[in-house]
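Residue numbers (the working numbering): 78 to 221. For every residue, glycine included, the Cβ atom is placed at its ideal position computed from N, Cα and C.
As structure tokens, then:
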């Protein structure tokens, strides 16, 4: 019976030692991944709010346009409005939901310069006359 207990004890010690070896191996691999990834930082996007202090590289989304910006001011700045913060170069455009960008005003050159290449810019005014395409009746050469 003592021999059987010793075998069980030895097997248990071997399992615990293997477990410790595997944990050390995992910790080593995680450490390598974190050092490659720049320290294991994380990114999140928050809704833009005027009058709030934002640190550099904070990702912000304008709720009105669903457009994402990155804060640039070093080390931080207090927000005013998206338009003002763009003009003061405190924000930089990161992306938006489509390559079509609409403005409710004539955009400035600096606003256009922040857009990615191949963006389509449309300026909308409620005073514009609505577009009414002419109705074209299809013709056929197969009529008798």
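Exposed or buried, residue 209, counting other C-beta atoms within 10 Å across all chains shown (16 or more means buried)?
Within the chain shown, numbered from 1, the residue matching residue 209 stands at position 132. Exposed: under 16 other Cβ atoms inside 10 Å.
Could you name the residues of the same chain whose beta carbon sits closer than 8 Å to that of residue 93, not counting the 5 residues immediately before and after it, in chain order?
What you label residue 93 is simply residue 16 of the chain shown in a count that begins at 1. None.
For residue 150, which of 141, 140, 143, 162 has the nearest alpha-carbon?
For the purposes of this step, residue 150 is taken as the residue at position 73 of the chain shown. Considering only alpha carbons, the answer is 162.
On the criterion of 16 or more Cβ atoms from any shown chain inside 10 Å, does residue 107 qualify as buried, or is it exposed?
Reading the chain shown from its first residue, position 30 is the one you call residue 107. Counting Cβ neighbours within 10 Å, residue 107 comes out exposed, since fewer than 16 surround it.
Once DSSP output is grouped into helix, strand and coil, what is the label at residue 105?
The sequence position of residue 105 within the chain shown is 28, counting from 1. Residue 105: helix per DSSP, three-state reduction.
My output table needs one value for residue 205: the three-state DSSP class, helix, strand or coil.
By one-based count along the chain shown, residue 205 stands at place 128. In this structure, DSSP gives residue 205 a state outside helix and strand, which the three-state scheme calls coil.
Look up residue 98 in the DSSP assignment and say whether it is helix, strand or coil.
If you number the chain shown from 1, residue 98 lands on position 21. Correct three-state label for residue 98: helix.
Just how far apart, CA to CA, sit residue 130 and residue 143?
To locate residue 130, count along the chain shown from 1; it is residue 53. To locate residue 143, count along the chain shown from 1; it is residue 66. If you take the alpha carbons of residue 130 and residue 143, they lie about 20 Å apart.
Hey, residue 159 and residue 168 are a contact pair by Cβ (cut 8 Å); roughly how many whole angstroms apart?
Indexing the chain shown from 1 puts residue 159 at position 82. Indexing the chain shown from 1 puts residue 168 at position 91. Yes, residue 159 and residue 168 are in contact; Cβ-Cβ is about 7 Å, under 8 Å.
Looking only at its own chain, which residues have a Cβ that is under 7 Å from the Cβ of residue 103, when we skip the five neighbours before and after it?
Position 26 of the chain shown, counted from the first residue, corresponds to residue 103. So the list is empty, once near-sequence residues are dropped.
Over what stretch of residues does the beta strand (DSSP E) that includes residue 123 continue unbroken?
Working through the chain shown from its first residue, we reach residue 123 at position 46. Per DSSP, the unbroken beta strand (DSSP E) holding residue 123 starts and ends at 122-124.
Residue span of the beta strand (DSSP E) that contains residue 136, given as start and end
For the purposes of this step, residue 136 is taken as residue 59 along the chain shown, with counting starting at 1. Looking at the DSSP string, the run of the beta strand (DSSP E) that includes residue 136 is 136-139.
Would residue 87 be called buried (16 or more neighbouring beta carbons within 10 Å of its own) or exposed?
Numbered from its first residue, the chain shown carries residue 87 at position 10. With fewer than 16 Cβ atoms within 10 Å of its Cβ, residue 87 is classed as exposed.
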